[in-house]
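Taking it in order: structure first as structure tokens, then the write-up.
In the working numbering, the protein residues as written are 54 to 340.
Here you go:
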């Protein structure tokens, strides 16, 4: 096909090799030439940014664009910088927001995406995501009925872990208040209105016409859950398409930021708490 303009948005924070591998997987494999790659550096160190700058400019590709955030804006706000550039500066039809620790090896991916959109009129489409470390398929995610009771349990769970980790008594918390749901969906079949994993979200022309990015009041975590909640509230379709495929290496940027597992877990629960509080506000406002 190729009648639409696509823009890949890749957020980079303090790593280089994985981001380069992600970029090169697109350039090497995608045969549809009607696309741009926007790399948004999200406040990396000067050394990392300079290396990324030198790499991108050495390729001399007009379709490869580097944007720089002066600070780490978090996942949603950082990606939204690339989203708005793609929408307003490039006039992109599709925005493919992918983690920098993902690899694309599907030559006809954009053609499949265009066809899926035209058949289904979906606002957001998610691919089959294979997580290398966990050796599992991350889409579709367990779909949750968001209500005050569920969010309240999540908030209490995060608070307990934050206190325990700071007091170094985390071993006393044996069982989480909210247990992680197992994925009960079949990743081999197409499905509508399921939660999509945040490492690869493909925003269609319908989404671009209605929104200027993702909900931006979180720093990290729950972005895909909030996206699902808002789209369902607005009666818009999210679709899982197993014909689209991507590989996910998982949490490389986050893991590289901490020198201990305890610090990483404190960061996780603090930001999970903040995100759940934002989701709680949305539920109370929208019902």
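Backbone N, C-alpha and C define an ideal beta-carbon position, used for all residues, glycine too.
Backbone CA spacing between residue 54 and residue 195 [nearest angstrom]: The sequence position of residue 54 within the chain shown is 1, counting from 1. The sequence position of residue 195 within the chain shown is 142, counting from 1. The predicted position of residue 54 is uncertain, since its pLDDT is 46 and thus under 50; no value can be drawn from it.
Residue 57 in three-state terms, based on DSSP: Taking the chain shown and counting its residues from 1, one reaches residue 57 at position 4. Residue 57 sits in coil when the DSSP states are folded into three classes, being neither helix nor strand.
Range covered by the alpha helix (DSSP H) that runs through residue 47: This structure leaves residue 47 out entirely; the chain is present only between 54 and 340.
Member of 287, 129 and 213 whose CA lies at the smallest distance from the CA of residue 246: Indexing the chain shown from 1 puts residue 246 at position 193. Nearest C-alpha to residue 246: 287.
Within 8 Å, strictly: CB atoms of residue 156 and residue 300: Indexing the chain shown from 1 puts residue 156 at position 103. Indexing the chain shown from 1 puts residue 300 at position 247. Closer than 8 Å, so yes.
Pick from 104, 87 and 86 that is closest to residue 71, judged by C-alpha positions: Numbered from 1 along the chain shown, position 18 holds the residue referred to as residue 71. Taking each of 104, 87 and 86 in turn and checking the Cα distance to residue 71, the smallest one comes out for 104.
Straight-line Cα distance separating residue 212 from residue 337: Taking the chain shown and counting its residues from 1, the one referred to as residue 337 is at position 284. Taking the chain shown and counting its residues from 1, the one referred to as residue 212 is at position 159. Approximately 20 Å, taken between the alpha carbons.
Cβ pair count under 8 Å reaching 3, the segment 173–185 against the segment 315–332: Flag = no, the segment 173–185 and the segment 315–332 do not touch.
Spatially closest choice to residue 125 from 93, 153, 117 and 116, by CA coordinates: For the purposes of this step, residue 125 is identified with residue 72 of the chain shown, where counting begins at 1. Distance from the Cα of residue 125 is smallest, within the candidate group 93, 153, 117 and 116, for 93.
Residue 214 classed as buried or exposed, judged by whether at least 16 other C-beta atoms fall within 10 angstroms: Working through the chain shown from its first residue, we reach residue 214 at position 161. Result: buried.
Endpoints, the beta strand (DSSP E) within which residue 131 is located: Here residue 131 refers to the residue found at position 78 when the chain shown is read from its first residue. Premise fails: residue 131 lies in the alpha helix (DSSP H), 128–137, not in any beta strand (DSSP E).
Contact under 8 Å by Cβ, residue 79 with residue 90: On the chain shown, position 26 is the one that residue 79 refers to. On the chain shown, position 37 is the one that residue 90 refers to. For the pair residue 79 and residue 90, the CB atoms are nearer than the 8 Å cut-off.
Where the beta strand (DSSP E) through residue 140 begins and ends: Residue mapping note: residue 140 aligns to position 87 of the chain shown, counting from 1. Boundaries cannot be given for residue 140, as no beta strand (DSSP E) includes it and DSSP labels it neither H nor E.
Reference residue 101, options 257, 127, 148 and 66, closest by Cα: Within the chain shown, the letter at position 48 stands for residue 101. The residue from 257, 127, 148 and 66 with its alpha-carbon nearest to that of residue 101 is 66.
Within 8 Å, strictly: CB atoms of residue 163 and residue 88: The count along the chain shown starts at 1 and reaches residue 163 at position 110. The count along the chain shown starts at 1 and reaches residue 88 at position 35. Yes, they are a contact pair.
Neighbourhood of residue 303 by C-beta, 6 Å cutoff - its chain only, sequence neighbours within 5 removed: By 1-based counting over the chain shown, the position of residue 303 is 250. Excluding residues within five positions, the ones whose Cβ falls inside 6 Å are 184 and 186.
For residue 76, the nearest candidate out of 63, 290, 192 and 219 (CA to CA): As a first step, residue 76 is located in the chain shown; it is residue number 23 there, counting from the start. Answer by Cα proximity: 63.
Supposed close pair residue 255, residue 147 - CB separation, criterion 8 Å: As a working mapping, residue 255 is identified with position 202 in the chain shown. As a working mapping, residue 147 is identified with position 94 in the chain shown. A Cβ-Cβ distance of about 6 Å is found for the pair residue 255 and residue 147, placing them in contact under the 8 Å criterion.
Residue 150 to residue 59 span [Cα, whole Å]: The count along the chain shown starts at 1 and reaches residue 150 at position 97. The count along the chain shown starts at 1 and reaches residue 59 at position 6. Going by the C-alpha atoms only, they are around 11 Å apart.
N-terminal and C-terminal residue of the alpha helix (DSSP H) that residue 168 is part of: Against the chain shown, residue 168 aligns to sequence position 115. Note, residue 168: alpha helix (DSSP H), 162–173.
Buried versus exposed call for residue 241 [16 or more other C-beta atoms within 10 Å across all chains shown]: If you number the chain shown from 1, residue 241 lands on position 188. A residue is called buried when at least 16 other Cβ atoms come within 10 angstroms of its Cβ; residue 241 does not meet this threshold and is exposed.
Nearest neighbour of residue 253, chosen from 203, 200 and 190 [CA to CA]: Indexing the chain shown from 1 puts residue 253 at position 200. For residue 253, the closest of 203, 200 and 190 by C-alpha to C-alpha distance is 190.
Any non-hydrogen atom of the ligand SAH closer than 7 Å to residue 276 Cβ: In the structure shown, the ligand SAH is absent, as is every other ligand, since no ligand is present at all.
Where the beta strand (DSSP E) through residue 95 begins and ends: Your numbering for residue 95 matches position 42 in the chain shown. In the DSSP assignment, residue 95 falls within the beta strand (DSSP E) that extends over 88–95.
Same chain only: Cβ atoms within 6 Å of residue 97, ignoring 5 sequence neighbours per side: Position 44 of the chain shown, counted from the first residue, corresponds to residue 97. Taken in chain order, the residues that qualify are 66 and 67.
Residue 131 versus residue 111 - alpha carbon distance: The residue given as residue 131 occupies position 78 in the chain shown. The residue given as residue 111 occupies position 58 in the chain shown. So the alpha carbons of these two residues sit roughly 24 Å apart.
C-alpha gap between residue 123 and residue 106, whole angstroms: In the chain shown, the residue the question calls residue 123 occupies position 70. In the chain shown, the residue the question calls residue 106 occupies position 53. Their backbone Cα atoms lie some 14 Å apart in a straight line.
Buried or exposed (CB count within 10 angstroms, at least 16 for buried), residue 115: Taking the first residue of the chain shown as position 1, residue 115 is located at position 62. Burial call: exposed.
C-alpha distance - residue 291 paired with residue 176, whole-angstrom precision: In the chain shown, the residue the question calls residue 291 occupies position 238. In the chain shown, the residue the question calls residue 176 occupies position 123. Each residue's alpha carbon lies about 6 Å from the other.
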